[in-house]
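Asks:
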Amino acid sequence: MNDVTMNRRSFVKTAGALGALAAAGGAISAEGSLFGESSIAHADTEEQTVWQHCGVNCGGACALQCHVKDGAIEYVESDNTGSSDMNSVQVRACLRGRSIRRWLQSPDRLNYPMKRVAGTKRGEGKYERISWDEALDTIASEMKRIRSTYGDTAMYIHYASGVSSGIIAGTPVNRLFNLTGGYLKTYGSYSSAQISAAGTYTYGGGSYGSSFLTLQDNELVVMFGNSPADTRMGGGGHTWDFARMREAKNLRVICIDPRMSDTVCGQGGEWIPIVPGTDGALCAALAYQWITNDQVDTEFLHKYCVGYDEETLPEDAKGKNASYKDYILGNGSDKTAKTPAWASAITKIPEQRIIELADEMAKADPVYICQGYGVERHSNGENAARCIMVLPQLLGQIGKPGTNDGRREGCNSIQAIATFPAGKNPVPDTISFYTWPDAIDHGEQMTATNAGVQGVEKLSNSIKFLFNYGGNALTNQHSDINATHELLQDESKCEFIVTSEVFMTDSAKYSDIIIPDLAVQEQLDISKGGYADNDEVLFFCDPVYEPVGERRGIYEVCTDLAERLGVKEQFTEGKTREEWLRSLYEQAREKDSTLPTWEEGFKMGVYKRDTKPKLSLEKFVADPEANPLPTESGKIQIYSEKLAKFAQTWELNDGDKITALPEFDPAFDSYLDVSDEYPLLLMGFHYKAHVHSSYSNNSVLQTAALHQLWINPEDAQTRGISTGDMVSVKTERGEVRIMAKVTNRIIPGTVVMPQGMWHDADMDGDRIDKGGCINTLTRYRPTALAKANPQHSNVAQVEKVSE
């Protein structure tokens, strides 16, 4: 075996003669199939090592060394550069990245442009192969027609995270749309919309706090709905960051979660089970203990915060018992003291454990309090996230080493690297990422007060043209698939849908035109590291092999569309993809002279450098007058005047609440809504076998980590369910079939299933989803403030399926 690191030009020259590989081990697509024919060329060539990375949206990003021979990946290694010592950084991929050979070379890859067969409906998945010219002509023609007929605000680029890394990434689509008139914009994300809204009205913006690197010896770490070991795995994510600090600093870790996650299991931490969606009640009881035992840092609260007590309230809120302290002690509008006994009845955490937890947190100095995205994806997510954020404020545990501000753990990256410029969108109209079905169905009725519209008071159009680049959130990752199916099939609403994808996903089946994309690993790019804090990383990525079939990168596709739309010169500025990359990278080196040259970077493949701890709000705490926060008062907002105004002026659904204070609100589909018909709470969670829906079709991963519904032995016994049984999970929206896993790692009364598996149902028949996609079951109902996804709030029934 002759391993050498090759450069991009020599690889392309070598691979260009080899043709295209469809699958590892010689499998190819059948001629005339949905995906088209692709052939394997054989040649007696040396094995080459090509640096790439895994950068789907787990949040992390890890190095891949792809060993390529005869135009095929033979096997994959990860980062073995530098020292393997625990205190050194190797950006090693998890099994998802290491198994990418099977994913990239799957026979199910899309190889040719296709259009929906005439007379068939969206969602049926019936397509015929067409030429690139026909595909591009049709897309350009529809863009012109819909802009001319309805205006620029009828154009929409759908939320997607399947291509979420690299300098080029998906921004060519945005640039194209901006140059031709703009499009309806969005705010928020399926990942973090509610915690981001909470951060905005508390700290002035953002969902991230201090990095794990700030943790101190023997420190107490309290995590709400956060499991780095299940989400950002690998050496390029927080899994390794936290494992390293946990060992080095002898941390005491407490995880508060309905599910015993891998961050706790087998690693010596403590799991405190809690009823889903009740974190805010626990936080209120902790606050009650601290206030009544004189354990709050009053000096900190008076200097840095607004709304803790009467003295710190805004003038127009005084004299109304409207402070946080009044709310906790039962002097507020609900007249209920938030005692540990009160919270215990709601959370099912024993009263004495709440008292002990409060005392342990109050006496810890420092204490690091953080939350993941599990808490905020509930129907009460904004308030729950704010309830957690107030805890370190009460204790004065902000702005000093070892502390966090109650948001998610922070991260570091190389800031000089810029992405491909999208340009300016001239359209001001902006909706929540999650409310696009409403914008298709009745966009003209959506306003600032009834739908959270920003930029304008009211939308002027419904969505008529939708471009879906590298995303599966038309159906699979969006709530209530059955309802969305009906909406998208109605061609009188959204008149044209185009998808650029690497696989025939469930969402792709709702497209009028599908174009085959190149995977990230099949293109030249430079990418920053992911959400991690132990290092700063750049990946210098060559294409692993020449494009198979007629797959094309999105920059080249948009260039051809720009030509048809009369804006090619403005779009390309005379540059190819590589020339853009070189230009943008040289701009980065002008800002940061420590970065390697282009040639040095591509020779090394992965560039790593040490980083420093990130301490949230450090400058603000050191000098709040010189470094005010971007809030209305310049301080931390326990009480928000903006939210108080929204509560009075917004049109909310029955039962929805926006509160000026971080109050506990069960909201909809909570523990209060279980019934004889639907007696269980249902949540999703992130799982090792896939990243959202990416890699869900990689069989080796699904074999290694089975897709199962976790159910407590108490709930399983009453239903006659054993591990391995096939069960039916039902909500008002639909039904899923899935294998059961009976385990004490889930609280009684709650079941959980991994999110992201591909929807697989006969939509013209019983619509029972045998793929196990949780969004067959979830409710589409935007939350009160962020207008975001409440996909962890569901009431359900589980039954054993008879053989």
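Taking my numbering, I'd label the letters of the sequence shown as residues 245 to 1047.
Ideal placement from N, C-alpha and C gives every residue a C-beta, glycine not left out.
Among the candidates 472, 483, 488, whose CA atom is the shortest distance from the CA of residue 460?
Replies: Against the sequence shown, residue 460 aligns to sequence position 216. Comparing Cα positions, the closest option is 488.
Asks: Looking only at its chain, what residues have a beta carbon closer than 6 Å to the beta carbon of residue 408, apart from the 5 residues adjacent to it on each side?
Replies: Along the sequence shown, read from residue 1 onward, the residue named residue 408 stands at position 164. 301, listed in sequence order.
Asks: To the nearest angstrom, report how far apart residue 738 and residue 708 are at their CA atoms.
Replies: Taking the first residue of the sequence shown as 1, we reach residue 738 at position 494. Taking the first residue of the sequence shown as 1, we reach residue 708 at position 464. Within the model, the alpha-carbon separation for residue 738 versus residue 708 is close to 4 Å.
Asks: Going straight from the alpha carbon of residue 1042 to that of residue 912, what length do you get?
Replies: By one-based count along the sequence shown, residue 1042 stands at place 798. By one-based count along the sequence shown, residue 912 stands at place 668. Their Cα atoms are separated by approximately 20 Å.
Asks: So for residue 655, helix, strand or coil by DSSP?
Replies: By 1-based counting over the sequence shown, the position of residue 655 is 411. In this structure, residue 655 counts as coil in the three-state DSSP scheme.
Asks: Classify residue 546 as buried or exposed, calling it buried when 16 or more other Cβ atoms lie within 10 Å of its own Cβ.
Replies: Counting from 1 along the sequence shown, the entry for residue 546 is found at position 302. Classification of residue 546: exposed, given that the 10 Å Cβ count is below 16.
Asks: At the level of alpha carbons, what is the spacing between residue 560 and residue 699?
Replies: As a working note, residue 560 is residue 316 in the sequence shown. As a working note, residue 699 is residue 455 in the sequence shown. Cα-Cα distance, rounded: 27 Å.
Asks: Thinking C-alpha only, which one of 964, 1006, 948, 903 is nearest residue 578?
Replies: Translated into positions along the sequence shown, residue 578 becomes position 334. Sorting 964, 1006, 948, 903 by C-alpha distance to the C-alpha of residue 578 places 903 at the top.
Asks: Measuring CA to CA, which of 900, 856, 1017 is closest to residue 927?
Replies: Stepping through the sequence shown from its first residue, residue 927 is reached at position 683. Ranking the options by Cα distance to residue 927, first place goes to 1017.
Asks: Would you report the Cα separation of residue 984 and residue 960, rounded to the nearest angstrom?
Replies: Working through the sequence shown from its first residue, we reach residue 984 at position 740. Working through the sequence shown from its first residue, we reach residue 960 at position 716. Their backbone Cα atoms lie some 9 Å apart in a straight line.
Asks: Which partner residues does residue 928 have in the DSSP bridge list?
Replies: The sequence position of residue 928 within the sequence shown is 684, counting from 1. Residue 928 pairs with 997.
Asks: To the nearest angstrom, how far is it from the Cα of residue 997 to the Cα of residue 948?
Replies: Walking along the sequence shown from the start, residue 997 turns up at place 753. Walking along the sequence shown from the start, residue 948 turns up at place 704. Roughly 16 Å separates the two Cα atoms.
Asks: For residue 246, collect the residues of the same chain with a Cβ closer than 8 Å to its Cβ; drop the 5 residues on either side in sequence, then sort them by chain order.
Replies: Here the question's residue 246 lines up with position 2 in the sequence shown. At residue 246, the pLDDT of 33 sits below 50, so the modelled position is not reliable; the number obtained from the coordinates is stated separately. Taken in chain order, the residues that qualify are 290, 291.
Asks: Does residue 1035 come out as helix, strand or coil in the three-state DSSP assignment?
Replies: Mapped onto the sequence shown, residue 1035 falls at position 791. It is coil, neither helix nor strand.
Asks: Would residue 647 be called buried (16 or more neighbouring beta carbons within 10 Å of its own) or exposed?
Replies: Counting from 1 along the sequence shown, the entry for residue 647 is found at position 403. Classification for residue 647: buried.
Asks: Beta strand (DSSP E) containing residue 743: first to last residue?
Replies: Indexing the sequence shown from 1 puts residue 743 at position 499. Counting along the chain, the beta strand (DSSP E) containing residue 743 begins and ends at 740–745.
Asks: Put residue 882 into one of helix, strand or coil per three-state DSSP.
Replies: Against the sequence shown, residue 882 aligns to sequence position 638. It is coil, neither helix nor strand.
Asks: Reducing DSSP to helix, strand and coil, say where residue 794 ends up.
Replies: Stepping through the sequence shown from its first residue, residue 794 is reached at position 550. When secondary structure is reduced to three states using DSSP, residue 794 falls in the coil class, being assigned neither helix nor strand.
Asks: On a CA-only basis, which of 1029, 931, 719 is nearest residue 895? Give me that one, please.
Replies: One-based indexing of the sequence shown puts residue 895 at position 651. Checking every option, the nearest Cα to that of residue 895 belongs to 1029.
Asks: Can you have a look at residue 1032 and say buried or exposed, based on whether 16 or more other CB atoms are within 10 angstroms of its CB?
Replies: In the sequence shown, residue 1032 corresponds to position 788, counting from 1. So residue 1032 counts as buried.
Asks: Since residue 667 and residue 353 should fall inside the 8 Å C-beta cutoff, what is the C-beta to C-beta distance between them, to a whole number of angstroms?
Replies: On the sequence shown, position 423 is the one that residue 667 refers to. On the sequence shown, position 109 is the one that residue 353 refers to. Not quite, the Cβ-Cβ distance comes to about 31 Å (not below 8 Å), so this is no contact.
Asks: Rounded to a whole number of angstroms, what is the C-alpha to C-alpha distance between residue 595 and residue 863?
Replies: As a first step, residue 595 must be located in the sequence shown, where it is residue number 351. As a first step, residue 863 must be located in the sequence shown, where it is residue number 619. Between residue 595 and residue 863, the C-alpha separation is close to 38 Å.
Asks: What's the C-alpha gap between residue 660 and residue 827?
Replies: For the purposes of this step, residue 660 is taken as residue 416 along the sequence shown, with counting starting at 1. For the purposes of this step, residue 827 is taken as residue 583 along the sequence shown, with counting starting at 1. Whole-angstrom Cα-Cα distance: 13 Å.
Asks: Please name the residue in 1025, 328, 766 whose C-alpha comes closest to that of residue 728.
Replies: Residue mapping note: residue 728 aligns to position 484 of the sequence shown, counting from 1. Among 1025, 328, 766, the Cα nearest to that of residue 728 is on 1025.
Asks: For residue 454, is the classification buried or exposed, using 16 other Cβ atoms within 10 angstroms of its Cβ as the cut-off for buried?
Replies: Here the question's residue 454 lines up with position 210 in the sequence shown. When all chains shown are included, residue 454 counts as buried.
Asks: Does the beta-carbon distance from residue 686 to residue 706 come in below 8 Å?
Replies: As a working mapping, residue 686 is identified with position 442 in the sequence shown. As a working mapping, residue 706 is identified with position 462 in the sequence shown. Contact flag set, yes.
Asks: Since residue 569 contacts residue 552 with CB under 8 Å, what's their CB separation in whole angstroms?
Replies: Counting from 1 along the sequence shown, the entry for residue 569 is found at position 325. Counting from 1 along the sequence shown, the entry for residue 552 is found at position 308. The Cβ separation is near 6 Å, so the contact holds.
Asks: Report yes if the C-beta distance between residue 479 and residue 673 is below 8 Å; otherwise report no.
Replies: By 1-based counting over the sequence shown, the position of residue 479 is 235. By 1-based counting over the sequence shown, the position of residue 673 is 429. No; because the gap between Cβ atoms is not below 8 Å, this pair is not in contact.
Asks: When the Cα atoms are used, what is the spatial distance from residue 917 to residue 465?
Replies: For the purposes of this step, residue 917 is taken as the residue at position 673 of the sequence shown. For the purposes of this step, residue 465 is taken as the residue at position 221 of the sequence shown. Roughly 33 Å between the two C-alpha positions.
Asks: If we count the other Cβ atoms within 10 Å of its Cβ and call it buried at 16 or more, is residue 312 buried or exposed?
Replies: Within the sequence shown, the letter at position 68 stands for residue 312. Buried, by the Cβ-count rule.
Asks: Under three-state DSSP, which class holds residue 804?
Replies: Counting from 1 along the sequence shown, the entry for residue 804 is found at position 560. It is helical.
Asks: Mind pulling the alpha helix (DSSP H) runs of 4 or more residues that sit fully within the segment 856–910?
Replies: Taken in chain order, the unbroken stretches of alpha helix (DSSP H) that lie wholly in the segment 856–910 and span 4 residues or more are 862–866, 885–893.
Asks: Determine, using beta-carbon pairs with one atom in the segment 988–997 and one in the segment 503–516, whether at least three such pairs fall under 8 Å.
Replies: yes
Asks: In the DSSP output, which residue or residues are listed as bridge partners for residue 400?
Replies: Taking the first residue of the sequence shown as position 1, residue 400 is located at position 156. The partner list for residue 400 (beta bridge, DSSP) reads 428, 710.
Asks: Throw me the rounded Cβ distance for the residue 463 and residue 493 pair, which I believe falls under 8 Å.
Replies: For the purposes of this step, residue 463 is taken as the residue at position 219 of the sequence shown. For the purposes of this step, residue 493 is taken as the residue at position 249 of the sequence shown. With a Cβ gap of about 6 Å, residue 463 and residue 493 count as contacting.
Asks: Could you check whether residue 678 and residue 718 sit closer than 8 Å to each other, using their CB atoms as the reference points?
Replies: What you label residue 718 is simply residue 474 of the sequence shown in a count that begins at 1. What you label residue 678 is simply residue 434 of the sequence shown in a count that begins at 1. Taking 8 Å as the cut-off, the beta carbon of residue 718 is found no closer than this to the beta carbon of residue 678.
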